[in-house]
């Protein structure tokens, strides 16, 4: 913790009189505030000079929030911030040089120029530019501190504009219910970008936190010393009780939202500028020379930081890679014990929890006696009561919570009850978990596992029977796995727990839970797998195939039935390729087969337009020159999936539609 505040000098005629002696012994908080303001003023100047680009959300007028928070915390605590993060960052790290270089896009920046103004990471400080998105992430990091019991806490800084985001309330509920050691600081500057608060906000700000049973306080940056004491009191309470707290900080942004976009009344801004503590301080020195010396030292430091950043190189970006010729895969015979899908998944989860105390399961209805909607976690809470957590119905919150836990070294497994609900958490996957590792210049990793059932066949209707995984394929720094009946789910999960280093989505087809994962195959066929962490499986005839069929998840069962029908009814031999990892996709097994057959059918249970099949076919064409290739995609009817069983069966791909597609590529 930093040293105690020096008091203000005596006030004369309602104004503080700063003597030369007082200026020579400036409180460090004043120096920090001046440094933040001068740094941001220089950033705005650099932008207008064309020497940096992008967003520059300054906190001019709001500097004291970050300062009092940094003063109240101690080493080992963390701060989660938002798009307006410069002041918070400088108050915590004093890293003027790293900040300026980052915003100028240079390799010497705190994130190597990858994050820019809104995305900073250093010494327990993280920020992201998505409104409200970091709230559940902060909750997860606080949960990690609670589980470790090391006495550290976190602070989350948000603006009043964030109060319009639903994930804020999802996470606030978790923070309160689980009594997480987190201080939520809300900077109330009366505007969300350019929109005045009275146009968009209903009710009282503090009442929002109080509704969840969270203790609240209120202060302002115009009385920053009193605010510091309030924040310190809240922090002390969190450390003593382990319970969260909420502080509303009334403040005002004197500069535009970003760079120059300001539509507020100039008279309103001028009124706040006149009562701004720093402006009053700058106008109050009885002898300006010592103050000018302090400001000159600050400006000299900032100028040196700018010059240093301009000399620094831009971080090299890897050139666009041409698609290489896929290698020939190495195949071995598949070998695993026969087991029902749900039992295999449960056994893998149980084994992981036995071997690794960092593994935590979080989701809806996971604990006994229910054990999850499809019973994959049945009984696990009896063995590991503190590590199987029932969550509220808050998909975005629990995925964000998982990201925070993962960055703190845990191995969270988040269950989304139905895959249809996964897109409720899409922002947490796409704009948070998937971006942190690269955006923060590889200073953090996010070994997060999100598992969910997908697919139809059980009559659950339009909103509980979809296969939406295509919407999450291709997100950089993620992987997507799909379980199927020809490779034991336990093997996939075992490999995942051994290697997970990035956000991973595991698709569990609903019908797989009741099916047997088995190596037993029809006479005349061989079941083989590649020597990969997440292998591709193939079912091939002992003598050569005429058509290659690619399918994954639940469609692998239908494709296998089609394969047998094609042989028995049409005397056509087909080879079935079943990848476990959909992204990144290993092309080599498919390429090897298609080179022999020249005919390809790709089956998926999700909608076909811009889907998995389209990607496979396009990559096959791009990857290497092929002889003329005849292709066909098999996908559901282009309408929602009906609940009525006959209609559902007609809507979804099946063995018959796959047979027709294979015959079409074979005979035209």
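Residue numbers (our numbering): 644 to 1311.
Note that CB positions come from ideal geometry on N, CA and C, so glycine has one too.
Please read these numbers as outputs of a predicted model, since none were measured by experiment.
Can you tell me whether residue i is buried or exposed, with buried defined as 16 or more other CB within 10 angstroms of its CB?
i	result
residue 747	buried
residue 1174	exposed
residue 1291	buried
residue 1264	exposed
residue 1180	buried
residue 727	buried
residue 720	buried
residue 957	exposed
residue 959	exposed
residue 729	buried
residue 753	buried
residue 650	The predicted position of residue 650 is uncertain, since its pLDDT is 36 and thus under 50; a value taken from the coordinates is nonetheless stated next. Looking at its Cβ environment, which holds fewer than 16 other Cβ atoms inside 10 Å, residue 650 is exposed.
residue 1156	buried
residue 761	buried
residue 1165	exposed
residue 1314	No answer is possible for residue 1314: it lies beyond the span of the chain, which begins at 644 and ends at 1311.
residue 1079	buried
residue 1303	exposed
At which residues does the beta strand (DSSP E) containing residue i begin and terminate?
i	result
residue 1122	1122-1125
residue 1081	Taken as a continuous stretch (DSSP letters only), residue 1081 belongs to no beta strand (DSSP E), being part of the alpha helix (DSSP H) at 1077-1082.
residue 1222	1217-1222
residue 1061	Residue 1061 -> no beta strand (DSSP E), and no H or E assigned at all.
residue 902	That residue, residue 902, is in no beta strand (DSSP E); it is neither H nor E in DSSP.
residue 1097	1092-1097
residue 625	Here the chain comprises residues numbered 644 to 1311, so residue 625 is not present and cannot be evaluated.
residue 1002	1002-1006
residue 798	797-802
Put residue i into one of helix, strand or coil per three-state DSSP.
i	result
residue 1177	coil
residue 707	helix
residue 1291	helix
residue 1212	helix
residue 1025	helix
residue 1253	coil
residue 830	strand
residue 914	helix
residue 658	Below a pLDDT of 50, predicted positions are generally treated as unreliable, and residue 658, at 44, falls in that range; the measurement from the model is reported next regardless. Residue 658 falls in the strand class under three-state DSSP.
residue 857	coil
residue 594	Absent from the model: residue 594. The displayed extent of the chain is 644 to 1311, so no value can be given.
residue 648	Low per-residue confidence applies at residue 648: pLDDT is 36, beneath 50, and the placement is therefore not dependable enough to give any value.
residue 1159	strand
residue 1013	coil
residue 1168	strand
residue 594	Outside the displayed range of the chain (644 to 1311) lies residue 594, so it cannot be described from this structure.
residue 1236	helix
residue 1192	strand
residue 622	Any question about residue 622 goes unanswered here, given that the chain covers just 644 to 1311.
residue 1184	strand
residue 676	helix
residue 698	coil
residue 730	helix
residue 837	coil
residue 975	strand
residue 1053	coil
residue 765	strand
Assuming residue i is part of the alpha helix (DSSP H), what are its boundary residues?
i	result
residue 1135	1132-1142
residue 1044	1038-1050
residue 815	809-820
residue 740	739-746
residue 951	931-954
residue 785	777-791
residue 877	867-884
residue 892	From DSSP, residue 892 is part of no alpha helix (DSSP H) but of the beta strand (DSSP E) over 888-893.
residue 725	First-last for residue 725: undefined, no H or E at that position.
residue 1152	Counting along the chain, residue 1152 falls outside any alpha helix (DSSP H), though it belongs to the beta strand (DSSP E) covering 1147-1152.
residue 923	920-925
* So does the segment 819-832 actually touch the segment 784-799, counting three or more Cβ pairs closer than 8 Å? -> yes
* Would you call the segment 834-846 and the segment 671-681 in contact, with 3 or more CB pairs under 8 Å? -> no
* Can at least three beta-carbon pairs, one atom from the segment 871-887 and one from the segment 709-719, be found at a separation below 8 Å? -> yes
* Does the segment 858-868 come within contact of the segment 897-909, defined as at least 3 CB pairs closer than 8 Å? -> no
* Touch check for the segment 931-950 and the segment 1145-1152: three-plus C-beta pairs under 8 Å? -> no
* At least 3 beta-carbon pairs within less than 8 Å: the segment 1271-1287 vs the segment 1228-1235 -> no
* **Segment contact, 8 Å Cβ cut-off, at least three pairs: the segment 1119-1135 with the segment 924-941** => no
* Below 8 Å, can you find three or more Cβ-Cβ pairs linking the segment 763-776 to the segment 974-984? -> no
* Asked: How about the segment 1204-1222 and the segment 1183-1196: do they share at least three Cβ pairs that are nearer than 8 Å?
  -> yes
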